[in-house]
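Taking it in order: structure first as structure tokens, then the write-up.
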Amino acid sequence: MKKVEMNPYMLIKGRISEILNLTPDVKLFKVRIDGIKDYLPGQFFMVSLWGAGEVPISVTSLPSDVLEFCIKKVGRVTGEIHNLEVGQYIYIRGPYGNGFPTDIANKRGILMIAGGIGISPLRPLIEWLIKYPKGRQIIFFYGSKTPKEILFLDDIERWRRNGIGVHLTVDMADKKWNGPVGLVTELLKSVNLNFEDAISYICGPPVMIKATVKELLSFSMPEERIVTTLEAHMKCGIGKCGHCYEGSKYICIDGPIFTYKEIVDYALSL
Ligand SMILES: Cc1cc2nc3c(=O)[nH]c(=O)nc-3n(C[C@H](O)[C@H](O)[C@H](O)COP(=O)(O)OP(=O)(O)OC[C@H]3O[C@@H](n4cnc5c(N)ncnc54)[C@H](O)[C@@H]3O)c2cc1C
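Position in the sequence shown (from 1) plus 67 gives the number in the numbering used here.
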């Protein structure tokens, strides 16, 4: 029998069931969708709105009938998506990309390092690790510009109660903040972990990724166990348009998750 290939450009309609205003420019969209059941933490979908355009957005929930997307308003398409209300529809295609590798995390200490909205793709990975604990030590570092911009604080408190070591830092404190102020890389210096045997998952702005990788290498973490996301402009998500081609890799299909070993030449210029 002939295998029927699904059209990779096929859009699936999803109804927005809930919208949470996380900060003035970040919203969490819960989208009820039929027909997409399997995806991995770290994978992304192309999310579109008729008349506005299409953008790649990481899924921030574990597989279920309701997909969650945490979207920061930065420009035209994300701005239009932010204007949507509960009950309206968006269109998605995917899942695309490779997802976080989890087999190399077995029996190792795990460092999760997020900057800003970079917490979004790590959130389902942390939920997955809580669901399948396997006795691993998990430490979560999260840097935000200000205390008000810390995303998913309720989840973070629950992760803490589930035994995850949580370390938050901000660039600028307010009157209520009594935690550390400064870069997330500063917090790494005080952690009690065998870096040579551990694995790290990083997601954040390029400048933060570069500084974090440098710090982890200085603690002798092996290049193949420094796992990071890379972002790029992309139109198709499936290796056709060429917009995200960097240093012999397509970020959309070879990534967006890479080990540092895979991207060492490209990452030096991040
Ligand atoms: C694999 C992947 C996963 C992503 N996941 C998320 C997510 O979970 N949540 C989220 O809010 N955003 C995510 N992004 C970024 C998001 O796709 C962009 O913010 C969005 O495409 C901007 O579209 P726009 O039309 O609103 O802005 P535009 O008007 O196109 O651009 C506004 C500004 O953002 C910059 N920009 C646009 N796209 C990118 C990009 N891909 N990388 C770097 N800078 C960009 C532009 O240069 C410009 O300065 C992800 C990107 C990728 C590649």
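Glycine residues also receive a C-beta, built at the ideal position from the N, C-alpha and C atoms.
Is DSSP giving R175 helix, strand or coil here?
As a working mapping, residue 175 is identified with position 108 in the sequence shown. The answer is coil: DSSP assigns R175 none of H, G, I, E or B.
Buried or exposed by the 16-neighbour rule on C-beta atoms within 10 Å, applied to Y317:
Indexing the sequence shown from 1 puts residue 317 at position 250. Buried.
Under the criterion of a Cβ to heavy atom distance below 6 Å, does V133 qualify as lining ligand 1?
Counting from one through the sequence shown, the residue named residue 133 turns up at place 66. V133 Cβ: outside cutoff for every heavy atom of ligand 1.
Report yes if the C-beta of G154 is less than 6 Å from at least one heavy atom of ligand 1; otherwise report no.
By 1-based counting over the sequence shown, the position of residue 154 is 87. No, Cβ of G154 sits at least 6 Å from all heavy atoms of ligand 1.
Please confirm whether any heavy atom of ligand 1 lies closer than 6 Å to the CB of H149.
Here residue 149 refers to the residue found at position 82 when the sequence shown is read from its first residue. Outside the cutoff, so no.
How about the stretch 212-231 and the stretch 140-154: do they share at least three Cβ pairs that are nearer than 8 Å?
no
So what's P272 in DSSP terms, helix, strand or just coil?
Residue mapping note: residue 272 aligns to position 205 of the sequence shown, counting from 1. P272: coil per DSSP, three-state reduction.
Could you tell me which residues DSSP puts in a beta bridge with G232?
The residue given as residue 232 occupies position 165 in the sequence shown. Looking at the DSSP assignment, G232 forms a beta bridge with I206.
Rounding to the nearest angstrom, what Cα-Cα distance links S125 and I148 in this structure?
Here residue 125 refers to the residue found at position 58 of the sequence shown. Here residue 148 refers to the residue found at position 81 of the sequence shown. Their backbone Cα atoms lie some 15 Å apart in a straight line.
Take the Cβ of K198 as the centre, count every other Cβ of all protein chains shown within 10 Å, and call the residue buried at 16 or more, exposed below.
Counting from 1 along the sequence shown, the entry for residue 198 is found at position 131. Label assigned to K198: exposed.
Cβ-heavy atom distance, K94 to ligand 1, below 6 Å:
Along the sequence shown, one-based indexing puts residue 94 at 27. No, since every heavy atom of ligand 1 falls outside the 6 Å radius drawn around the Cβ of K94.
Nearest CA to the CA of V331: which residue from Q110, K307, D321 and V280?
For the purposes of this step, residue 331 is identified with residue 264 of the sequence shown, where counting begins at 1. Of the candidates Q110, K307, D321 and V280, the one whose C-alpha sits nearest the C-alpha of V331 is V280.
Would you say H300 touches ligand 1, meaning its beta carbon is less than 6 Å from a heavy atom?
Your numbering for residue 300 matches position 233 in the sequence shown. At least one heavy atom of ligand 1 is nearer than 6 Å to the Cβ of H300, so yes.
Cβ-heavy atom distance between G142 and ligand 1 below 6 Å?
Within the sequence shown, residue 142 is the residue found at index 75, counting from 1. Because some heavy atom of ligand 1 lies under 6 Å away, the Cβ of G142 counts as near it: yes.
Runs of alpha helix (DSSP H) wholly within the stretch 123-200 (minimum 4 residues, chain order)
143-149 and 186-198
Tell me whether the beta-carbon of V233 lies closer than 7 Å to the beta-carbon of F207.
To locate residue 233, count along the sequence shown from 1; it is residue 166. To locate residue 207, count along the sequence shown from 1; it is residue 140. Closer than 7 Å, so yes.
Once you ignore the five residues that flank V144 on each side, which residues in its own chain have a CB closer than 6 Å to its CB?
For this step, residue 144 is matched to residue 77 along the sequence shown. Here the set comprises A119, G120 and V122.
For a test of the three-state rule: what should DSSP assign to G306, helix, strand or coil?
Within the sequence shown, numbered from 1, the residue matching residue 306 stands at position 239. In the structure shown, G306 sits in coil (DSSP, three-state: anything other than H, G, I, E or B).
Using a Cβ-Cβ cutoff of less than 7 Å, which residues in the same chain neighbour P130 once the five nearest sequence positions on both sides are dropped?
Residue mapping note: residue 130 aligns to position 63 of the sequence shown, counting from 1. Correct list, in chain order: K104, D105 and Y106.
Can you give me the C-alpha to C-alpha distance between A299 and E313, rounded to a whole angstrom?
In the sequence shown, residue 299 corresponds to position 232, counting from 1. In the sequence shown, residue 313 corresponds to position 246, counting from 1. If you take the alpha carbons of A299 and E313, they lie about 9 Å apart.
Let me make sure I understand the geometry here. Which of K307, G309 and V294 has the alpha-carbon closest to that of N165?
Taking the first residue of the sequence shown as position 1, residue 165 is located at position 98. The shortest C-alpha separation from N165 is found at V294.
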